[in-house]
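Chains as they are written, first to last, in numbering that gives the first Met the number 0: chain V, 0 to 251; chain L, 0 to 220.
I have placed the structure first, in the form of structure tokens, so that the comments after it can refer back to it.
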Amino acid sequence: MDTKITISKLNFYYGKNQALYDINLEIPEREVMAFIGPSGCGKSTFLRTLNRMNDTIPIARMEGKVLIDGKDIYAPKTDVVALRRKVGMVFQKSNPFPKSIFENVAYGIRINRMHQNKSDLEARVETALKDSALWDEVKDRLNTSAFGLSGGQQQRLCIARALAVQPEVILMDEPASALDPIATQKIEELIVTLKKNYTIAIVTHNMQQAARVSDQTAFFMLGKLIEVNPTQVMFTSPEDKLTEDYITGRFG
Amino acid sequence: MEHRIIDQNLDILRDKLLLLGGTTETAVHKAMRSLTERDSDLARMVIEEDKLINKMELEIDRLSIEILALQQPAAHDLRFVISVAKITPVLERIADHAANIAEAAIILNDEPESNQVSDLSLMAQIAGEMLQAALDAFTSEDSDASRNIIKRDKEIDKNYNRVFGKLMGIMSENPQTTTTAAYLLFVAKHLERIGDYVKDICELNVYLTEAAFIKHSKKKK
């Protein structure tokens, strides 16, 4: 398995507070890596360093390197917009634009001028909606408001929106935490399907979810990366006592 | 360390397994006594008490499934539930062998006394010690102890082969003792099987403690 993202000696600060300490990690291509850990352990902050989402926080400061396909994404010449197209993100709370279902997915394609003509745009939207397992549910009402969709559908719409601009990496921050078990199951099935074509990193508090969808699991605590191992190892015989205590619910 | 909801259930599961283990040990011991002391009433008691052991097995099965379904154990907790669930039927089989020995005792006690019984007592003693030590090792999660117990199974096998040869000889020399010798052979075989089952328990303790599968591997280190 090739490495898609290499993180080395990453330190991260919010003002004087250090949030991440000397993180070294390799994220394999076309696999799912789950980040787990107690609230405030830095896992979401870490996820956001992978497409420079923390850039918008004025007091934030980062040291170290994040290489995607061998290229330093924090190099001065980096086109951040292109980076975020390549590394898409899905958040905990679905955040569709106040537009139609079609326009939500078409938006990124339009602003990136990825389509050749109207029918190409339509085809791209259809593909994204199919890949996010939403097409069958919305194909007859593409021009109705995205807010008319259920929570689970809205979340899959956000995934479709991310897929529409043809990313290579998808970051997911608690993508199913606000969803019921059936909608959650659909998202999880989708994650497993998507890894054929994308590298996925997912932050989740739901340990069973990490166990179900991920190939590798990374455990963070107090800003430190404690253990990374194949998920099957993490949940049956973790190497570190802290991991064991966390996944068996002794703290956190 | 915080108290977790699962802890209470794991404690109950451990207690139930140890109770089953203790009852099984007693069954083996009583079955052998029913033979050495020619006490058929005791033998019948062992057969009767096997029903209780079967009931205990079902209870542990139910609780293990419940913990897996409702508490979703991971890591050491998961390995603990899995090892208990796998040790339980092993103990139940050992108890079945004890009942079978008791059945043989009832028949043997009606035959003339054989002086081969003392050889079997030795095998039973080794098997009993191994079983007790295996359960102790499980309780203290001592995988080194388990590995040492596994090695002792060879002693039982050696004794079994010796007893087997002796009894075969007796049968061909004195055809009128065939019934006795045949039943003593059964008893020897049951004891030999108990040794194998104790080995399984030890292997499961190594899994619990080290997350290592040593069953079917040549290297037991």
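No residue lacks a Cβ here, since even glycine has one placed at the ideal position from N, Cα and C.
Keep in mind it's a predicted model, so treat the numbers as computed, not measured.
Taking E112(L) as reference, the option from R37(L), A26(L), T177(L) with the minimal CA-CA separation is R37(L). The C-beta of T247(V) comes closer than 7 Å to at least one C-beta of chain L.
Chain-ordered listing is empty here: chain L has no CB closer than 8 Å to the CB of P180(V), the nearest sitting near 14 Å. For M32(V), the uninterrupted beta strand (DSSP E) segment begins and ends at 31–35. For N147(L), the secondary structure class from DSSP, reduced to helix, strand or coil, is helix. By the Cβ rule, the region 59–72 of chain V does not count as touching the region 224–232 of chain V, because fewer than three pairs are nearer than 8 Å. When DSSP assignments are scanned along the region 82–119 of chain L, no uninterrupted stretch of alpha helix (DSSP H) that is 4 or more residues long falls wholly within it. Under a 10 Å Cβ-count criterion, T35(L) is classified as exposed, with fewer than 16 other Cβ atoms of the shown protein chains found around its own Cβ.
Within chain L, the C-beta atoms nearer than 8 Å to that of E243(V) come from A74, H75, in chain order. Nearest CB-CB separation between F34(V) and chain L: not below the 7 Å threshold. Close to S38(V), with beta-carbon spacing below 7 Å, lies no residue of chain L; the smallest spacing is near 16 Å. S213(V) has a beta carbon lying at 7 Å or more from every beta carbon in chain L. Taking all protein chains shown into account, N142(V) has fewer than 16 neighbouring C-beta atoms within 10 Å of its C-beta and is therefore exposed.
Counting only runs of 3 or more residues that sit fully inside the region 49–89 of chain V, the beta strand (DSSP E) segments are 59–67, 86–89, in chain order. Against A210(L), the close residues of chain V are T235, S236, in the order they occur along the chain (beta-carbon pairs closer than 7 Å). Between T208(L) and S142(L), the gap from beta carbon to beta carbon is short of 7 Å.
By a beta-carbon distance limit of 8 Å, I26(V) contacts K3(V). Their separation comes to about 6 Å. F90(V) is a Cβ neighbour of D172(V), given a cutoff of 7 Å.
A distance below 7 Å separates the beta carbons of V197(L) and A133(L). Neighbours of Q7(L) in chain V, taken as residues whose beta carbon is under 7 Å from its own, are absent, since the nearest beta carbon is some 13 Å off.
Your pair A74(L) and T203(V) does not check out as a contact, with CB atoms roughly 17 Å apart and the cut at 8 Å. Listed as beta-bridge partners of P229(V) by DSSP are Q215(V). For R3(L), the nearest beta carbon of chain V is closer than 7 Å to its own beta carbon. Under the 8 Å Cβ criterion, the region 156–165 of chain V counts as touching the region 122–135 of chain V, having at least three qualifying pairs. The beta carbon of H96(L) sits closer than 6 Å to those of H189, R192, I193, all from its chain and outside the five residues before and after it, given in chain order.
If you ignore the 5 residues before and after G21(L), its C-beta comes within less than 8 Å of the C-beta of L134, all in its own chain and listed in chain order. Taking the Cα of Q208(V) as reference, the smallest distance to any Cα among M0(V), R47(V), K70(V), I181(V) is reached at I181(V). R51(V) places its beta carbon 7 Å or farther from that of V80(V). Contact annotation: in the region 63–96 of chain L, residues whose CB is within less than 8 Å of a CB in chain V are Q71, P72, A73, A74, H75, D76, L77, R78. Within the same chain, G150, G151, Q154, I186 come within 7 Å of L178(V) by CB-CB distance, once the 5 residues on both sides are set aside. Judged by DSSP secondary structure, T198(V) falls within the beta strand (DSSP E) whose first and last residues are 198–202.
When only Cα atoms are considered, R109(V) and L148(V) end up about 23 Å apart. According to the DSSP secondary-structure assignment, M220(V) is paired through a beta bridge with K223(V). Per DSSP, M31(L) lies in no beta strand (DSSP E); the unbroken alpha helix (DSSP H) holding it starts and ends at 4–35.
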